[in-house]
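**Student:** Respectively, the protein sequence lines represent chains A and B. Each residue of the first sequence is one higher than the one before, starting from -10 at the first, in the working numbering. Each residue of the second sequence is one higher than the one before, starting from -10 at the first, in the working numbering. Quick reminder that beta carbons are idealized off the backbone N, C-alpha and C, glycines included. Would you mind keeping the following structure in view while I ask a few things?
There are 2 protein chains.
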Amino acid sequence: MTRPTSLEAGGPCSIARSLTVLGERWTLLVIREALLGRTRFNEFQAALRVSTDILGKRLDGLVEAGVLERRPYREAGHRERYAYHLTPAGRDLVPIIAAFMNWGDTHLAGPSGPPAQMRRRSNGAAIEVALLDAEGQRVPFDDVECVPGAGASEARGGCGAA
Amino acid sequence: MTRPTSLEAGGPCSIARSLTVLGERWTLLVIREALLGRTRFNEFQAALRVSTDILGKRLDGLVEAGVLERRPYREAGHRERYAYHLTPAGRDLVPIIAAFMNWGDTHLAGPSGPPAQMRRRSNGAAIEVALLDAEGQRVPFDDVECVPGAGASEARGGCGAA
């Protein structure tokens, strides 16, 4: 296997592997801010009120993981800086963020309703996360089970994590 | 506002609030194991190879958050113990786990394919996570944006987190 040690440590499960890249609170909040359109270090920092050190590490980690990419920019009178843009892999995180948002809206909502929402850019329609089967039919959550897959024998019986 | 301080610290955003409950690597792996049907402490521990101390804290936290519930059981010759079962709120986490699984399958998959999969219990059909608009139409990920919602004025301009 040629996968880097840092991913191997997550075990063979795709959830564990994803958490190796994403499984830290600030990381997903950085992704949220990127989806809100923020690209610059000071924009992320103002929105998240996180230390320069932690934010820098999270942005670096997401660039290394291929979720964000750096693009240089220069404002008049300033040195060149980098902005952070979502890559296609980063944009594929939308369902994760949407699923967290839906769950929080349902189970931890404040008195005034959801503080943010996802909508369709092209027509403003509200968006929800759904599970679909191969025929496009919606699957109720209590009709879902998790079973070992083709790669389950790679190590430690499938879903065993590090 | 009557929400507990521990949730307030997550800021007003539903994502940040959800991460306050779920935003730790082991927590989501415990949920994954619960979806795989594990209910007993030693089953979780054997699958996750996590310390007794960390596992106990994560299970207690998920019970407190209303995601798992304890149910007593007794095996012949042993004292009464507790098993951990998903509550309805816990079962509502299926899309989050499914979204992590899909992303890992797509972007971090091993050479033998996905080590686990979600399927429909009633007929074995494969399941995928999709975003739907109000008319049930699938929404491409790059047509999604995040905007302030009704509760955005509660604190610090909406999506600003702690």
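Anything in chain A within Cβ reach of Ile85 of chain B, meaning under 8 Å, just list it in chain order.
**Tutor:** Ordered by position in chain A, the residues that pass the 8 Å Cβ test against Ile85 of chain B are Ile85, Ala88, Phe89 and Trp92.
**Student:** Which residues of chain B have a Cβ atom closer than 8 Å to the Cβ of Phe30 of chain A, listed in chain order?
**Tutor:** Within chain B, no residue comes near Phe30 of chain A; the closest Cβ sits about 16 Å away, beyond 8 Å.
**Student:** Could you give the DSSP three-state label for Leu82 of chain B: helix, strand or coil?
**Tutor:** In this structure, Leu82 of chain B counts as coil in the three-state DSSP scheme.
**Student:** Scan the stretch 65 to 131 of chain B and note each continuous alpha helix (DSSP H) run of 4 residues or more that stays entirely inside, going in chain order.
**Tutor:** As far as the stretch 65 to 131 of chain B is concerned, its whole alpha helix (DSSP H) runs of at least 4 residues are 77 to 80 and 83 to 96.
**Student:** Sort out for me which residues DSSP pairs Cys135 of chain B with in a bridge.
**Tutor:** DSSP output for Cys135 of chain B lists A:Met107 as bridge partner(s).
**Student:** Grab the span of the alpha helix (DSSP H) containing Leu24 of chain A for me, first residue to last.
**Tutor:** Taken as a continuous stretch (DSSP letters only), the alpha helix (DSSP H) holding Leu24 of chain A covers Arg14 to Leu24.
**Student:** Identify, in the order they occur along the chain, each residue of the same chain with its Cβ nearer than 7 Å to the Cβ of Met107 of chain B, setting aside the five sequence neighbours on each side.
**Tutor:** So the qualifying residues of the chain are Ala87, Met90 and Ile116.
**Student:** Given a cut-off of 8 Å on the beta-carbon distance, is the pair Phe33 of chain B and Leu17 of chain B in contact?
**Tutor:** No, the pair does not count as a contact, with Cβ atoms beyond the cut-off.
**Student:** Within 8 Å, do at least three Cβ pairs link the stretch 24 to 33 of chain A to the stretch 24 to 43 of chain B?
**Tutor:** As far as the Cβ criterion goes, the stretch 24 to 43 of chain B does not touch the stretch 24 to 33 of chain A, which means the pair count is below three.
**Student:** Report the start-end ranges of each beta strand (DSSP E) in the stretch 35 to 62 of chain A that is 3 residues or longer and not cut off at the edges.
**Tutor:** You should have 57 to 62.
**Student:** Counting Cβ pairs, one atom from each stretch, are 3 or more of them under 8 Å apart for the stretch 44 to 54 of chain A and the stretch 111 to 126 of chain A?
**Tutor:** No, the stretch 44 to 54 of chain A is not in contact with the stretch 111 to 126 of chain A.
**Student:** Listing by chain order, which chain B residues have their CB less than 7 Å from the CB of Leu82 of chain A?
**Tutor:** Within chain B, the residues near Leu82 of chain A are Trp92.
**Student:** Where does Asp42 of chain A land, buried or exposed, given buried means 16+ other C-beta within 10 angstroms?
**Tutor:** So Asp42 of chain A counts as exposed.
**Student:** Mind checking if Thr95 of chain A is an interface residue toward chain B, Cβ cutoff 8 Å exclusive?
**Tutor:** Yes, because at least one Cβ of chain B sits closer than 8 Å to the Cβ of Thr95 of chain A.
**Student:** Three-state secondary structure (DSSP) at Arg145 of chain B?
**Tutor:** Here the model assigns Arg145 of chain B a pLDDT of 44, short of 50, so the residue's position is not dependable and the matter cannot be decided.
**Student:** Give me the Cα-Cα distance between Thr(-9) of chain B and Thr9 of chain B, rounded to the nearest whole angstrom.
**Tutor:** Per-residue confidence for Thr(-9) of chain B stands at a pLDDT of 34, beneath the threshold of 50, marking its modelled position as unreliable; no derived number is given.
**Student:** Got a sec: which bits of the stretch 112 to 138 of chain A sit with their beta carbon under 7 Å from any beta carbon on chain B, in order along the chain?
**Tutor:** Cβ contacts with chain B come from Ala114, Ala115, Ile116, Glu117, Val118, Ala119, Leu120, Leu121, Asp122, Ala123, Val128, Phe130, Asp131, Asp132, Val133, Glu134, Cys135, Val136, Pro137 and Gly138.
**Student:** For the stretch 2 to 13 of chain B, which residues have a beta carbon sitting closer than 9 Å to at least one beta carbon of chain A?
**Tutor:** Within the stretch 2 to 13 of chain B, the residues whose Cβ lies closer than 9 Å to some Cβ of chain A are Cys2, Ser3, Ile4, Ala5, Arg6, Ser7, Leu8, Thr9, Val10, Leu11, Gly12 and Glu13, listed in chain order.
**Student:** Just to confirm before moving on: does the CB-CB distance between Val136 of chain A and Ala105 of chain B stay below 8 Å?
**Tutor:** Yes, the pair counts as a contact, with Cβ atoms nearer than the cut-off.
**Student:** Any beta-carbon of chain B closer than 8 Å to the one on Arg60 of chain A?
**Tutor:** Cβ-Cβ to chain B under 8 Å: no for Arg60 of chain A.
**Student:** Report the neighbours of Leu24 of chain A on chain B: residues whose CB is nearer than 9 Å to its CB, in chain order.
**Tutor:** Near Leu24 of chain A (Cβ distances below 9 Å), the residues of chain B are Val133, Glu134 and Cys135.
**Student:** Is the beta carbon of Ile20 of chain A sitting closer than 8 Å to the one on Leu97 of chain A?
**Tutor:** Not closer than 8 Å, so no.
**Student:** Quick one: which chain A residues come within Cβ less than 8 Å of Gly50 of chain B?
**Tutor:** Here the premise fails: no neighbours, minimum Cβ distance about 14 Å.
**Student:** Pick out whichever of A:Ile85, A:Asp94 and A:Thr95 has its Cα sitting closest to the Cα of Gly93 of chain B.
**Tutor:** Selected option, being the one with the closest Cα: A:Ile85.
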